[in-house]
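Number 32 in the UniProt record's numbering belongs to position 32 of the sequence shown; there are no gaps in the numbering.
All C-beta atoms, glycine included, are put in the ideal place defined by N, C-alpha and C.
All values reported here derive from a predicted model rather than from experimental measurement.
Down below is the structure, laid out as structure tokens.
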Amino acid sequence: MSHVELQPGFDFQQAGKEVLAIERECLAELDQYINQNFTLACEKMFWCKGKVVVMGMGKSGHIGRKMAATFASTGTPSFSSILVKPRMVI
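And the structure:
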């Protein structure tokens with residue numbers, strides 16, 4: 001059971017719609033990052049002859065592990081690492 005008090009008459013549907021509106025606005029702002037750098041990153045991963053290395057620590061490490069698993073499941077050899085040594089990546 002939740003430890004949060006539920007206000008009388010709380011409208012779950014309205015709350016859900018408000019969350020979706022916020023997410024829609026945020027997603028609309030992301031298109032500014034789909035530029036030449038995005039294309040370059042995609043091309044490098046697509047043409048990679050070795051493994052794609054995804055790095056991160058903490059929350060970004062957790063997301064990195066999920067990304068590496070997704071790449072691997074779609075046929076792109078990859079792994080996640082928090083320890084990188086010289087010559088492991090370009």
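Contact check, residue i vs residue j, beta carbons under 8 Å
| i | j | result |
| --- | --- | --- |
| residue 45 | residue 54 | no |
| residue 64 | residue 56 | yes |
| residue 72 | residue 78 | yes |
Length of the line joining the Cα atoms of residue i and residue j
| i | j | result |
| --- | --- | --- |
| residue 52 | residue 4 | 43 Å |
| residue 40 | residue 6 | 48 Å |
| residue 33 | residue 60 | 19 Å |
| residue 11 | residue 29 | 28 Å |
| residue 15 | residue 9 | 12 Å |
| residue 31 | residue 20 | 18 Å |
| residue 25 | residue 70 | 26 Å |
| residue 76 | residue 23 | 29 Å |
Sequence-distant residues of its chain with Cβ nearer than 7 Å to residue i (five each side left out)
| i | result |
| --- | --- |
| residue 18 | none |
Spatial neighbours of residue i in its chain, beta-carbon cut-off 6 Å, leaving aside the 5 residues before and after
| i | result |
| --- | --- |
| residue 36 | none |
Heavy atom of the ligand SAM within 7 Å of residue i beta-carbon
| i | result |
| --- | --- |
| residue 37 | With respect to the ligand SAM, the structure offers nothing, as it holds no ligand at all. |
Within the region 6 to 84, ranges of the alpha helix (DSSP H) (whole runs, at least 4 residues): Within the region 6 to 84, the complete alpha helix (DSSP H) segments at least 4 residues long are 12 to 30, 36 to 47, 59 to 73, listed from N- to C-terminus.
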